[in-house]
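Enquirer: Have a look at this one.
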Amino acid sequence: MKYSIAIFWHYFALYGYSIQFIYKWYRIVSMHLKMITEDFKNKNIVLVGLGLQGGAVSVAKFLSRFTSRFVITDLKKEAELRPSVEALSHIQNIHYELGAH
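Taken in order, the sequence shown gives residues 1 to 101; the numbers are from UniProt numbering.
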């Protein structure tokens, strides 16, 4: 996954960041995405606790791209977690184990 440094230039320039900072930030983001891709390839990932606040939904959307099987478990039943489950319904490789860990 590649990002163009030009995309971020305007945002960071607005807040007074230097070109050196932007370049270092761009290199770090690219490096971490490459490490995540290599580390999680062909591995199962389990996310414990889906919740309703949206944080775990964002984590699930991000990490599900890097693996073929992604399991989400939560103590709450599916009916209680309906908004979070619906937010992830378009992602095919997510499997749910709800109501118990």
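Just so you know, even glycine gets a beta-carbon here, dropped at the ideal spot from N, CA and C.
For clarity, every value in this text was computed on a predicted model and none was experimentally measured.
Would alanine 56 and phenylalanine 70 be called neighbours here (beta carbons separated by less than 9 Å)?
Expert: Taking the first residue of the sequence shown as 1, we reach residue 56 at position 56. Taking the first residue of the sequence shown as 1, we reach residue 70 at position 70. No, these two residues do not count as a Cβ contact at 9 Å.
Enquirer: So, is aspartate 39 buried or exposed, given that buried needs 16 or more other C-beta atoms within 10 angstroms?
Expert: To locate residue 39, count along the sequence shown from 1; it is residue 39. Exposed is the call here.
Enquirer: On the criterion of 16 or more Cβ atoms from any shown chain inside 10 Å, does isoleucine 72 qualify as buried, or is it exposed?
Expert: Numbered from its first residue, the sequence shown carries residue 72 at position 72. Classification for isoleucine 72: buried.
Enquirer: Determine, using beta carbons only, whether aspartate 74 and glycine 54 come nearer to each other than 9 Å.
Expert: Along the sequence shown, read from residue 1 onward, the residue named residue 74 stands at position 74. Along the sequence shown, read from residue 1 onward, the residue named residue 54 stands at position 54. No; because the gap between Cβ atoms is not below 9 Å, this pair is not in contact.
Enquirer: Identify every residue that forms a DSSP beta bridge with asparagine 44.
Expert: By 1-based counting over the sequence shown, the position of residue 44 is 44. Answer is Arg69.
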